[in-house]
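Here's the structure we're looking at; comments come further down.
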Amino acid sequence: PELPSRRPGRHRPAPTPYGDWLAAVFDAWWDAGRLRTRVRLFQEIAALLLGAPSSAEAVGLSPMAAVVVETDGGIEQVDSLRSAYAGAAETGLDVFRHSFDRALRHPGIAARQVGERALAPECLDCPVGRVCGGGNYVHRYAPGTGFRHPSVYCADLERLVRHVAGRLDRTARGTTQDGT
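Numbering-wise, the sequence shown is residues 11 to 190 according to the numbering used here.
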């Protein structure tokens, strides 16, 4: 699948060391032939490029409807949010007094279920925005303004998504990286 050749997002020109590394790892994974090892990020990006919905929070725009139940019965948002700021994952809910449906209506959890409406304006205008989905939610946090920002890995994600799209396109056409 080819991506539109619209202008890139706000981050260009920017070095993409992580994206370059991920593209090289993708190539090693893809070129191995039979895909014996599951690499969720690569599988998700390929599936999204082929029109499937996402099933992981790291990429895509599908609603995130997961909670964590702590050992004391507390219901929290995903653990990765703890790296954003103290208390980011807390909901104030627990399994003794609240249903999981109630937890899914918690503002913090609901914010990750609205697809494109949760994206930063730059992401809405980005040609790979529907695939990268703004990146992992926790990577979009900025103190004082919350999560409605592009990922700190924005340029790297665009690099990886475009690379995977190119490899899928070449595979479908039966050509190699050098065009033969």
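Heads up, the beta-carbon is just placed ideally off N, CA and C, and yes, glycines get one too.
Here the structure is a predicted model, which is why all the values come from computation and not from measurement.
With DSSP run on the structure shown, which of helix, strand or coil describes residue i?
i: residue 101; result: strand
i: residue 162; result: coil
i: residue 126; result: helix
i: residue 78; result: strand
i: residue 95; result: coil
i: residue 60; result: coil
i: residue 19; result: Confidence at residue 19 is low in this model, with a pLDDT of 49, below 50, so the placement of that residue is unreliable and no value is reported for it.
i: residue 176; result: helix
i: residue 14; result: With a pLDDT of only 49 at residue 14, under 50, the local geometry of the prediction cannot be trusted, and no value is derived from it.
i: residue 90; result: helix
i: residue 67; result: coil
i: residue 113; result: helix
i: residue 184; result: coil
i: residue 43; result: coil
Could you tell me whether the Cβ atoms of residue i and residue j are closer together than 8 angstroms?
i: residue 178; j: residue 59; result: yes
i: residue 170; j: residue 71; result: no
i: residue 134; j: residue 126; result: yes
i: residue 106; j: residue 83; result: yes
i: residue 143; j: residue 69; result: yes
i: residue 54; j: residue 64; result: yes
i: residue 29; j: residue 165; result: yes
i: residue 173; j: residue 36; result: yes
Here's the rule: buried if 16 or more other CB atoms are within 10 angstroms of the residue's CB, otherwise exposed. What is residue i?
i: residue 147; result: buried
i: residue 6; result: Lying outside 11 to 190, the shown extent of the chain, residue 6 is not represented and no answer is given.
i: residue 160; result: buried
i: residue 136; result: buried
i: residue 139; result: buried
i: residue 163; result: buried
i: residue 168; result: buried
i: residue 130; result: buried
i: residue 145; result: buried
Sort out for me which residues DSSP pairs residue i with in a bridge.
i: residue 84; result: 104
i: residue 24; result: Per DSSP, none; premise fails for residue 24.
i: residue 152; result: 156
Taking contact to mean at least 3 C-beta pairs separated by less than 8 angstroms, is the segment 85-99 in contact with the segment 29-48?
-> no
Between the segment 69-88 and the segment 111-119, do at least 3 Cβ pairs fall closer than 8 angstroms?
-> yes
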